[in-house]
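Contents: one structure, followed by commentary.
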Amino acid sequence: MNAWTSWLAGLAVLVMGAVRGDGASVSPSPSPYGVCAHVSRTWGGDHQTAEQQFSLMRQAGIGWARTDFDWSGVQREAGGAWDFSLLERTVKMAEEGGITILPILAYDVPWASPAYRHLDAWRDYVRQTVSHFKGRLRYWEVWNEQDLEQFWKDTPNPANYTLLLKAAYEQIKAVDTDAVVLLGGLSGIPMEFIRGIYEAGGGAYFDVMNVHPYRYPKIPESPS
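Next up, the structure:
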């Protein structure tokens, strides 16, 4: 996915006012426009690149940045210490620029793969991450394009995803009752997969539906 791919995943809902669990106000960006920009994956700690991206966002009137909070980036080994330093710098840059981060909680780690079969470890990752950023981040997306094997890292299955979603939702809400949980953005609009999530009871475990309505090869900018 291109780093500057536009995304429209319930932003009309997300731009509404937020309140922190401790009663303090969390003000999301007033801009309804966002991008999927992998600013938390600046290889080699190259934060100059991230700074440039945030600068371009501000110039373009972008108020939201969807980015990865990879499990492998905050815990390097099973039972290892949690290190949020890279994400801290990313979030701080966003805060300074008035940009609201939509973090993606995702991806397997070598000692807990596939993640839906290692829910205790997955819950710990979710709890640690949401707790660390409580009061600064309110919106949380659970995985990305879980209907595609390349991202799910296993045969896509809505019931298995629902196990992961439920575990994440319960941890997020336990940490921050005012948090908003997004379904992991789905590739296109896969109705059978969506139906499968609901049949598995997943409708109770997200606040915002999230899809990536790709329109290849005729993109909206194509001349008629």
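Residue 1 is where the sequence shown starts when you use the numbering used here, and the numbers rise one by one after that. Glycine included, every Cβ here is placed at the ideal spot set by N, Cα and C.
Residues in its own chain within less than 7 Å of residue i by CB, not counting five upstream and five downstream?
i, result
"A159", "G196, A200"
"T129", "F69, V74, L105"
"M93", "A50, E51, F54"
Could you please give the first and the last residue of the uninterrupted beta strand (DSSP E) stretch that includes residue i?
i, result
"R66", "64-70"
"N160", "Taken as a continuous stretch (DSSP letters only), N160 belongs to no beta strand (DSSP E), being part of the alpha helix (DSSP H) at 158-175."
Could you have a look at residue i and say whether DSSP puts it in helix, strand or coil?
i, result
"F133", "coil"
"L115", "Checking the sequence, you will find Ala at residue 115 rather than Leu. Helix, per DSSP."
"G188", "strand"
"A24", "Low confidence applies to A24: its pLDDT is 39, below 50, so where it sits in the model is not reliable enough to give any reading."
"G34", "strand"
"T49", "helix"
"S55", "helix"
"S40", "helix"
"P220", "coil"
"A121", "helix"
"I99", "coil"
"A60", "helix"
"A200", "coil"
"F151", "helix"
"F206", "coil"
Among the residues of its own chain, which have a CB less than 6 Å from the CB of residue i, if the five just before and after it don't count?
i, result
"D229", "Residue 229 falls outside the range modelled here, since the chain spans only 1 to 224, and no answer is possible."
"V226", "With the chain represented from 1 up to 224, any question about residue 226 goes unanswered, as that position is not in the structure."
"Y214", "G188"
"V181", "W140, Y169, I172, F206, D207"
"A174", "none"
"A78", "W111"
Which residues does DSSP pair with residue i in a beta bridge?
i, result
"E141", "I104, L182"
"V109", "A112"
"Q75", "W82"
"V211", "L186"
Between which two residues does the alpha helix (DSSP H) holding residue i run?
i, result
"V91", "85-96"
"Q146", "Unbroken run through Q146: none, as it is neither H nor E."
Can you find at least 3 beta carbon pairs, one from the region 142-154 and one from the region 103-113, that sit closer than 8 Å? yes
Inter-stretch contact at 8 Å, needing at least 3 Cβ pairs: the region 83-103 / the region 168-181: No, they do not touch.
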